[in-house]
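Engineer: Got a structure for you, questions after.
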Amino acid sequence: LYRQILASPFGRALNAMRQNESGAKSAGLNLTALKIWAILLAAVSAGIAGSLYAHLNGTVSPQMFHWSQSITLLTMVVVGGASSTPGVFAGTFLLMFLTQYLRGFPEYSALVNGLLLTLFVIFLPSGIGGLRLIRPLKRGGTVGSKSSPG
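Residues 19 to 168, numbered by the working numbering, are exactly what the sequence shown covers, in order.
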């Protein structure tokens, strides 16, 4: 659903607003209406996610949400890459795997989150989704072949 929304003219308008707000305004986009619709879309998504979370757990209370959970969610997005949906899934999978692996050592969980967040912000700001996992083949050659000079 969200991929279809992002591919629509509305999604392209949101992307234009994100990239260059003054350029989008000069192109004739109503930024106020776009921002309101973006907030509405985010609120609907959060409402659906919250209702599914409450249904899964049977209850919701403020004690269920700790500040470290916000840091974990932020780390998932940064590690995966905020502009790549498959990257965010990969970052989530990686952090959930590490969280389960370090379940017996909860004091190291925050350390790993902080370390990953710092390393990815410094060395790979576009996250896993920004990596090119498959390099395009060079024209006229194959992978692993050596070309002779001349």
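Note that beta-carbon positions come from the ideal geometry of N, C-alpha and C, so glycine has one too.
Is the beta carbon of Phe138 less than 8 Å from the beta carbon of Val97?
Structural biologist: In the sequence shown, counting from the first residue as 1, residue 138 sits at position 120. In the sequence shown, counting from the first residue as 1, residue 97 sits at position 79. Cβ distance < 8 Å, so Phe138 and Val97 count as in contact.
Engineer: State the Cα-Cα distance for the pair Val106 and Ile146, rounded to the nearest angstrom.
Structural biologist: By one-based count along the sequence shown, residue 106 stands at place 88. By one-based count along the sequence shown, residue 146 stands at place 128. Cα to Cα, the separation comes out at about 8 Å.
Engineer: Measuring only the C-alpha atoms, how far is His84 from Thr117?
Structural biologist: Translated into the one-based positions of the sequence shown, residue 84 becomes position 66. Translated into the one-based positions of the sequence shown, residue 117 becomes position 99. Their backbone Cα atoms lie some 15 Å apart in a straight line.
Engineer: Does the beta-carbon of Gly76 have 16 or more other beta-carbons within 10 angstroms, so that it is buried, or is it exposed?
Structural biologist: Residue 76 sits at position 58 when you count from the first residue of the sequence shown. With fewer than 16 other Cβ atoms within 10 Å, it is exposed.
Engineer: Could you have a look at Asn131 and say whether DSSP puts it in helix, strand or coil?
Structural biologist: Within the sequence shown, the letter at position 113 stands for residue 131. The answer is helix: DSSP assigns Asn131 an H, G or I state.
Engineer: Which value, in whole angstroms, describes the spacing of the CA atoms of Ser44 and Met35?
Structural biologist: In the sequence shown, residue 44 corresponds to position 26, counting from 1. In the sequence shown, residue 35 corresponds to position 17, counting from 1. About 11 Å.
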